[in-house]
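The opening residue of the sequence shown carries number 5 in the numbering used here; numbering runs sequentially from there.
Here a beta-carbon is modelled for each residue, glycine too, at the ideal position from N, C-alpha and C.
As the structure is a prediction and not an experimental result, all values here were calculated from the model.
Worksheet: one structure, shown below.
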Amino acid sequence: MFASIILLWICVVFFILQLKSRRPKNFPPGPPILPVLGNILHLSLENPLKDFERLRKSYGNVYSLYLGPKPAVVINGMEAMKAAIVTKANDFAGRPQDLFVNDTTNRKGVILADYGPSWREHRRFALMTLRNFGMGKNSMEDRIHGEIKYIMGTLEKNDGKTFSPQLMFHNAASNIICQVLFGTRYEYDDEFIRVIVGCFTENAKIANGPWAMLYDSLPMIRGLPLPFNKAFKNVETCQKLAVDLLNEHKKTRIPGEPRDFIDCYLDEMDKRAEEDSLFSEGQLTMYALDLHFAGTDTTSNTLLTGFLYLSTHPHIQERCQQEIDSVLEGKERASFEDRHNMPYVQAVIHEIQRVANTVPLSVFHCTTKDTEVMGYSIPKGTMIIPNLTSVLNEEGQWKFPHEFNPENFLNNKGEFVKPEAFMPFSAGPRMCLGESLARMELFLITVTLLRKFKFSWPEDAGEPDYTPVYGVTLTPQPYGMKVQIRGAK
């Protein structure tokens, strides 16, 4: 009996030593690692955000986790985030290439592409093309205002009623990016929008749900007929729709006279026809879907968060309306330039983005070489999880880190200021390339709607629930708000 106990203790000690030895030398600390499972049992598969915060309190702002056999480093707090993805930007600019999301997209597109020549060229092209769409007769502002008319029409029909804005904001954000990409807007009940938005929504849930985490952590289950296979079918469906649009463009385009992003890309392919080009139709279809998804979900969920808080904080809404009425007096419509004369509205919109925390874990990064951060050694190819939640709520970075308060973006003179910790679009070379479009949409839509309507929390709705639903993007719980026309302004 005694010998058996000694043997058992030797096994336990050996097991513990085995676990400890798996972390490389000077690697960030973290919880004990289980064979095969890694640290999956330390995380809620449904919503790990609270677990990331709990582990941060135990192990510090830079700690490690094992997702199955794969090590990952979680970066928390402004100081560590800046040290990694800003100061050592190139070292941390890769994307892990063996995850569920990469497999569903065949590693095409720009968001998940690895850090290399193709990614650099495609990102440069996207930034240049989106900037060019900001100018000219049919500018980005015109496109946004064109869609705002449909939002206004929907709200006017609901004057005096309680209205659920989820579908309206989602379709409006989708249509704005559709006009940029495909040169077309779709009615809110159109089959194309219904199918694509449905696939995006379902894939966003799958990608940040338990099945995707199991897929990433346990490679041996990948060939099995499990629920994550639905995501592959959804991507196939979207790609077929994108290919149809591409073929239609090829028939109707006039080279050198681009109507939209697809035409611009086809023109670029023509220019590069003689060389060994990184641009291709296969890249284009996934690229367009990438931009469509990124430009729809984040903006619509931020607007939903914004109007939830505005309808439940009437004093903040009224102060915005006073500033809007004063600045826009005599003007037919708001311009993006008007933001410079609206410090309080600017503060409110930025505070909405901060509390919305739409992409809480950014998009996972990966080290491109052996590097170090905050004194820890990080080998090449290590997955990096930037916990943006930890920066947007960090004590010491904000006057009121745990409440909705526009004073977070105002100095003692009432002027708009943007703290360094404001990074809802991430930072560094992988910063969201749609930032300028998103900022313009949020400003023009919010200002135009507040100028015309008053939004309030329905008397019979009970207490508002600000707890978001977890996914690739955070979204508010479904809610209704009372809509009233303010009168002619």
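Got a sec? Which residues, its chain only, sit under 6 Å from residue i by beta carbon, not counting five neighbours each side?
i: N80; result: R60, N65, N391 and S394
i: F236; result: T108
i: S25; result: Bear in mind that the predicted position of S25 carries a pLDDT of just 41, short of 50, making it unreliable; the figure below should be weighed with that in mind. Around S25: no qualifying Cβ.
i: W123; result: A117
i: H46; result: P35
i: L23; result: Low confidence applies here, because L23 scores a pLDDT of 46, under 50, leaving its location unreliable; read the following figure in that light. For L23, where only same-chain residues beyond five positions count, the Cβ hits under 6 Å are P36 and I37.
i: A177; result: T300, T303 and S304
i: A84; result: N65, V66 and M378
Closest by CA to residue i, which one among the options?
i: F457; options: G385, I388 and I328; result: I328
i: L478; options: T256, E424 and P52; result: P52
i: A76; options: R257, K384 and T306; result: K384
i: L441; options: L293, F429 and S284; result: F429
i: Y348; options: R323, G334, R337 and L365; result: R323
i: V487; options: A277, F56 and D163; result: D163
i: Q243; options: E285, I44, P39 and M378; result: E285
i: V331; options: D118, Q350, H369 and T316; result: Q350
i: I37; options: K74, T371, E467 and K54; result: K74
i: D95; options: E463, G120, D374 and A298; result: D374
i: Y70; options: M485, V476, P462 and M387; result: M387
i: L41; options: S304, Y219 and D55; result: Y219
i: S68; options: M82, K54 and N30; result: N30
i: P214; options: S178, E50, I148 and T188; result: E50
i: A360; options: P229, P28 and T306; result: T306
i: N136; options: C268, R358 and K92; result: C268
i: E252; options: G491, F232, P28 and T188; result: T188
i: R490; options: I225, L159, E376 and K417; result: L159
i: P405; options: R358, M427 and E336; result: R358
i: P28; options: E279, Y380, E439 and Y470; result: Y380
i: K86; options: F459, T471 and M427; result: M427
Looking only at its own chain, which residues have a Cβ that is under 7 Å from the Cβ of residue i, when we skip the five neighbours before and after it?
i: V473; result: T479 and Q481
i: L185; result: D264, F265, I266, A292, L295 and H296
i: G484; result: T166, F167, S168, P462 and A465
i: E419; result: P347
i: K92; result: T375 and V377
i: Q170; result: L308 and P482
Does the Cβ-Cβ distance between residue i and residue j come in under 8 Å?
i: E534; j: M444; result: Here the chain covers residues 5 to 493 and nothing more, so residue 534 does not appear.
i: P262; j: D248; result: no
i: W402; j: P433; result: no
i: N175; j: I200; result: no
i: I356; j: G310; result: yes
i: W389; j: V78; result: A quick correction: the sequence has Ile, not Trp, at residue 389. Yes, Cβ-Cβ distance for I389 and V78 is below 8 Å.
i: L308; j: F173; result: yes
i: P468; j: T362; result: no
i: C182; j: Y192; result: no
i: L454; j: Q325; result: yes
i: I382; j: T450; result: no
i: G72; j: L222; result: yes
i: T256; j: C203; result: no
i: L437; j: T303; result: no
i: M273; j: F283; result: yes
i: A431; j: L396; result: no
i: Q321; j: L314; result: yes
i: A338; j: L448; result: yes
i: I44; j: M217; result: yes
i: E206; j: K234; result: yes
What are the partner residues of residue i, as DSSP defines its beta bridges?
i: C370; result: G98 and M387
i: F167; result: M485
i: Y70; result: P75
i: Y154; result: According to DSSP, which records beta bridges pairwise, Y154 is partnered with nothing at all.
i: T316; result: In DSSP, T316 forms no bridge with anything.
i: I382; result: T375
i: K458; result: Q488
i: T479; result: V473
i: L414; result: F420
i: E399; result: W402
i: G42; result: L38 and L71
Going by beta carbon distance, what residues of the same chain come within less than 8 Å of residue i, once the five residues before and after it are set aside?
i: T372; result: N94, D95, F96, A97, G98, Y119 and K384
i: R415; result: The sequence shown places Asn at residue 415, rather than the Arg named in the question. For N415, where only same-chain residues beyond five positions count, the Cβ hits under 8 Å are V421.
i: N345; result: V331
i: D194; result: none
i: E411; result: A351, K403 and F404
i: I148; result: I180, M444, E445, L448 and I449
Indicate whether at least one CB of chain D lies closer than 8 Å to the CB of residue i.
i: K209; result: Although the question refers to chain D, the structure presented lacks it and comprises just one protein chain.
Validate contact between the stretch 153 to 168 and the stretch 118 to 132 using beta carbons, cut 8 Å, 3 pairs
no
Looking at C-beta atoms only, is the number of pairs between the stretch 367 to 384 and the stretch 93 to 104 that lie closer than 8 Å three or more?
yes
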